[in-house]
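Visitor: Take the position in the sequence shown, starting the count at 1, then add 957; the result is the number in the numbering used here. Okay, handing you the structure first.
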Amino acid sequence: MTVHGAIAVVRRGGKILIAKRPAGKHLAGYWEFPGGAVEPGETAEEAVKRELREETGLEIEITGRADPIDWDYGHKQVHLDVFICEAPGTDEPRALGGEEVRWVSPAGLKEHEFPPANAALVRSLSAE
């Protein structure tokens, strides 16, 4: 079975928003790009906006897409639609769905441990 998810590379002021996965969840302690599962009857665009609102309190604007990610974790496969987004305004994100959220520079992404599925995306963003 493949899990369909949507994640956001949220930018503001030259930085990118990342979130730490909470204890007790799959891949706990890893950093990730915020997002989550696409619910039945929902588009990936709707899902990523909903997840960002639920997890961080931020309203986002989708400005583009990156290559989707397909990954096999052994016990499950994931297909992630990747959206490039802006967070307009001055509201700061809150860690509503995880342990911590933070803004980091593209080069700073390499200083955080991400799930293997995100490795190519992190490399690409870090090279900017």
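Note that the Cβ used here is the ideal one computed from N, Cα and C, for glycine as well.
If we call anything under 7 Å between Cβ atoms a contact, is Y987 one with E1056?
Guide: Not a contact, by the Cβ cut-off of 7 Å.
Visitor: Which stretch, first to last residue, makes up the alpha helix (DSSP H) that contains R1007?
Guide: Its alpha helix (DSSP H) spans residues 1001-1013.
Visitor: Given A1001, which residues of its chain have a CB within under 6 Å of its CB, disregarding the five upstream and five downstream residues?
Guide: Hits under 6 Å: A963, V995, D1038.
Visitor: If C1042 and R968 are in contact, beta carbons under 8 Å, what's the gap, nearest whole angstrom?
Guide: Sure, about 7 Å apart at Cβ, within 8 Å.
Visitor: Do you know how far the Cα of A1074 is from the Cα of S1083?
Guide: Near 15 Å, if we compare the C-alpha coordinates of A1074 and S1083.
Visitor: Check for me: the alpha helix (DSSP H) holding A1076 runs from which residue to which?
Guide: Per DSSP, A1076 belongs to the alpha helix (DSSP H) from 1076-1083.
Visitor: Can you tell me where the beta strand (DSSP E) holding P1025 begins and where it ends?
Guide: Per DSSP, P1025 belongs to the beta strand (DSSP E) from 1018-1029.
Visitor: Can you look up L1088 in the DSSP assignment and give me helix, strand or coil?
Guide: Nothing in the structure corresponds to residue 1088, since the chain is present only between 958 and 1085.
Visitor: To which residues of the same chain is H961 closer than 6 Å at the C-beta, ignoring the five residues directly before and after it?
Guide: Closer than 6 Å at the Cβ level, and outside the excluded window around H961, lie V995, H1036.
Visitor: Just the Cα atoms here: how many angstroms apart are K1067 and F1040?
Guide: Whole-angstrom Cα-Cα distance: 20 Å.
Visitor: Closer than 7 Å by C-beta to T1020: which residues in its own chain qualify, once you throw out the five before and the five after it? Chain order, please.
Guide: Here the set comprises I1041, C1042, E1043.
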